[in-house]
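> For reference, the structure I am asking about is given below.
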Ligand SMILES: Cc1ncc(COP(=O)(O)O)c(C=O)c1O
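In my numbering, the protein residues as written are 28 to 477.
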């Protein structure tokens with residue numbers, strides 16, 4: 028008989044020094060480990076389980092699809108659930124983002140967006156356009172392509188020699204504004220960096236600009252000034268540069284609108300998504316593409332030179348359709364907006380800790396930035412491991428939070444991100460608040476003095 032210890036001897040977990048709690052089951056906003064410990068999952072997996080755990084109708088839809096047709100290869104066949112889910116996403120997506128290509132997750136979706144953008148220029152007779160511009164303090168995935176456009180310095184560090192040469196510009200990060208706290212004209216100033224980067228690279232060489240509409244895990248819910256995105260759209264149009272928006276975290280209601288970019292009325296050329304589409308019940312990602320880009324392929328008669336074996340897997344399609352049924356029926360997108368004040372109130376008690384520098388909230392997504400000195404915003408040292416301490420103390424207090432670092436200078440600067448399921452109730456928000464306060468109270472005395 029195989030014992031639990033033998034299992035653990037073979038699983039290649041990320042951190043070999045850490046003992047990982049072994050999760051066994053989940054329901055609603057709660058997850059339970061094999062030792063019977065219950066945790067309030069304040070990050071919904073990792074911004075994934077938006078409709079909550081334990082949704083039998085999703086599981087039933089997946090089982091029925093697996094019985095009927097578990098797999099079809101996408102360079103030979105289409106399937107009905109893929110056609111239906113594509114139509115459903117096209118109807119939710121802004122403007123004429125009417126064409127949807129499926130992948131198995133967010134990194135794959137971003138890879139596809141990059142490759143599609145490049146190939147569209149080739150089809151248009153502009154093969155010199157091969158440069159991507161992106162931003163610091165952002166995350167687009169773990170593959171070498173997506174890491175190249177990513178802007179989390181610590182995550183890139185060990186792989187630098189393998190990465191593509193990608194110019195990075197500043198994110199519009201008001202808390203640590205490089206203009207010294209004067210917020211007038213900020214959107215314009217940050218957007219102007221894109222124009223400068225395009226001119227530096229040579230306008231005829233730039234394929235696309237990629238960014239998250241509201242920066243998620245590596246920024247902790249960083250929203251730009253309201254004039255930023257319309258200006259970015261204008262600059263891209265001026266230079267024939269495609270705009271890729273990464274909504275892998277923010278898509279499907281997280282910020283209170285179907286997609287976060289909706290708030291600014293901007294239509295990107297390509298929109299990458301993942302996580303919340305299938306609510307964690309099956310691996311799924313997608314890219315939505317505007318009509319003119321689809322037309323470029325039709326006119327040239329070219330195929331998209333790409334395939335992922337599991338892209339568009341029928342069981343994942345069934346999960347996506349069933350999750351989106353719940354999202355619609357239970358009004359979860361509107362709920363993320365209407366619950367925002369209660370979410371804010373649940374986090375307000377954290378201001379009692381002088382090492383909380385900023386609490387940023389958009390819908391049911393929050394970032395809590397932790398500083399050594401609230402006044403000067405001086406960060407803790409990375410060796411203090413403050414965000415990781417909070418994650419571990421959270422687990423001891425029955426709550427799951429997500430740590431991040433590098434906010435101040437790439438290495439220093441801690442944040443905690445929260446993405447509760449969009450189904451969270453007022454009562455559960457009260458519990459989230461109590462458990463967070465207990466977690467912060469436990470970590471406070473272990474921090475270096477100011
Ligand atoms: C904004 C963003 N883009 C892309 C990804 C990559 O998605 P995945 O981990 O599903 O490959 C993530 C993952 O956290 C993300 O936060």
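Note that CB positions come from ideal geometry on N, CA and C, so glycine has one too.
How is the alpha helix (DSSP H) around residue 429 delimited, first residue to last?
Residue 429 -> not in any alpha helix (DSSP H); beta strand (DSSP E) instead, spanning 429-432.
> Per DSSP, what kind of secondary structure is residue 28 in: helix, strand or coil?
Because the pLDDT of residue 28 is 42, which lies under 50, any placement of that residue in the model is unreliable, and the question is left without a value.
> Thinking C-alpha only, which one of 152, 67, 99, 398 is nearest residue 329?
Cα-wise, what sits closest to residue 329 is 152.
> Count the other C-beta atoms from every protein chain shown that fall within 10 angstroms of the C-beta of residue 104, then say buried if there are 16 or more, exposed otherwise.
It counts as exposed.
> Of all the options 49, 37, 51, 76, which has the alpha carbon lying nearest to the alpha carbon of residue 309?
The residue with the shortest Cα to Cα distance from residue 309 is 76.
> By a C-beta neighbour count over all protein chains shown, 10 Å radius and 16 as the cutoff for buried, is residue 446 buried or exposed?
With 16 or more Cβ atoms within 10 Å of its Cβ, residue 446 is classed as buried.
> Considering only their Cβ atoms, is the gap separating residue 177 from residue 166 smaller than 8 Å?
Yes, Cβ-Cβ distance for residue 166 and residue 177 is below 8 Å.
> In angstroms with no decimal places, state the Cα-to-Cα distance between residue 383 and residue 327.
Spanning the two alpha carbons is a distance of roughly 55 Å.
> What is the residue span of the beta strand (DSSP E) that residue 370 lies within?
Run containing residue 370: none in the beta strand (DSSP E); it sits in the alpha helix (DSSP H), 367-374.
> Going by DSSP in three states, residue 118 sits in which element: helix, strand or coil?
Three-state DSSP puts residue 118 in a helix.
> According to DSSP, simplified to helix, strand and coil, what is residue 259?
Here residue 259 sits in helix by DSSP.
> Taking the Cβ atom as the reference point for each residue, do residue 413 and residue 421 lie within a distance shorter than 8 Å?
Result no, Cβ atoms of residue 413 and residue 421 do not sit closer than 8 Å.
> Whole angstroms is fine: what's the gap from residue 474's alpha carbon to residue 245's?
Each residue's Cα considered, the two are about 22 Å apart.
> How would you call residue 424, buried or exposed, if buried means at least 16 neighbouring beta carbons within 10 angstroms?
Label assigned to residue 424: buried.
> What separation, rounded to the nearest whole angstrom, lies between the Cα atoms of residue 340 and residue 276?
Roughly 21 Å separates the two Cα atoms.
> CB-CB under 7 Å to residue 51, same chain, minus the five flanking residues each way: which ones, in chain order?
Counting only Cβ-Cβ distances below 7 Å, and skipping sequence neighbours, we find 59, 60, 61.
> May I ask whether a heavy atom of ligand 1 can be found less than 7 Å away from the beta carbon of residue 273?
The answer is yes for residue 273.
> Thinking residue 53 and residue 145 are a contact (beta carbons under 8 Å), I'd like their distance in whole angstroms, please.
Their Cβ separation, rounded to whole angstroms, is 40 Å, which puts residue 53 and residue 145 out of contact at 8 Å.
> Ordered along the chain, which non-local residues of its own chain (more than five positions away) have a Cβ less than 7 Å from that of residue 334?
Once the five neighbours on either side are set aside, the close Cβ partners of residue 334 are 101, 102.
> Would you please state the rounded distance, in angstroms, between the beta carbons of residue 113 and residue 346? I believe it to be under 8 Å.
Their Cβ separation, rounded to whole angstroms, is 15 Å, which puts residue 113 and residue 346 out of contact at 8 Å.
> With a CB to CB cut of under 7 Å and the five nearest residues on each side skipped, what residues in its chain are close to residue 302?
Excluding residues within five positions, the ones whose Cβ falls inside 7 Å are 74, 75, 133, 275, 276.
> Comparing C-alpha positions only, which one of 409, 442, 45, 361 sits nearest to residue 284?
Per the Cα distances, 361.
> Does the distance from the C-beta atom of residue 296 to that of residue 317 stay below 8 Å?
It is a contact, given that the beta carbons lie within the stated cut-off.
> Please tell me whether, using a cut-off of 7 Å, the distance from the CB of residue 349 to the nearest non-hydrogen atom of ligand 1 is below it.
No.
> Closest by CA to residue 368, which one among 350, 228, 387?
Selected option, being the one with the closest Cα: 387.
> Counting pairs of Cβ atoms below 8 Å between the segment 442-457 and the segment 365-381, do you hit three or more?
They touch, by the three-pair rule.
> Please determine, among 161, 215, 219, the residue with the shortest C-alpha to C-alpha distance to residue 192.
Ranking the options by Cα distance to residue 192, first place goes to 161.
> Please list, in chain order, all residues of the same chain as residue 349 whose beta carbon is under 7 Å from its beta carbon, the five residues on each side excluded.
The answer, listed in chain order, is 84, 85, 88.
> Quick check on DSSP: helix, strand or coil for residue 337?
If DSSP states are grouped into helix, strand and coil, residue 337 belongs with coil.
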